[in-house]
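Following: one structure in structure tokens, then a few remarks.
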Amino acid sequence: MAKEHAGSKASRSHLLAALERWDLIVPTAPLAHRIPGLLSIDHIAVPRAWPVAGAVRVVAEAGGRRLSDHDAYVVEVDLPGSTP
């Protein structure tokens, strides 16, 4: 199981309270960090009412070379009333 060590317990508590207060979910929560065995510290929150079609990590590299010390994360949602 991957771990997440970033931030403090107090900060995490504030973030979780904000997610609950605004009825948000974080589809990126289970995604991997660039360091094996860790979870991402970069997240996207969306309204709980939005159906999430998927969440993926996009490795930030080109030609075998890192472009950043962070990867990109993408969340696909099916917005109510939208058409593809």
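First residue of the sequence shown? That's 37 in the working numbering, and the numbers climb one at a time after it. No residue lacks a Cβ here, since even glycine has one placed at the ideal position from N, Cα and C.
Problem set entry | Pair within 8 Å by beta-carbon distance, A91 and V111 | yes
For this session: Report the option in H106, S104 and R57 whose CA atom is closest to the CA atom of A81.
Result: R57
Problem set entry | Candidates P66, L52, S49 and R48, of which the one nearest S76 by Cα | P66
For this session: Please name the residue or residues paired with P83 in a DSSP beta bridge.
Result: L60
For this session: From the DSSP output, read off the bridge partner residues of V88.
Result: V113
Exercise. Among the residues of its own chain, which have a CB less than 7 Å from the CB of P87, if the five just before and after it don't count?
Worked result: V113 and D114
Problem set entry | A65 - DSSP class collapsed to helix/strand/coil | coil
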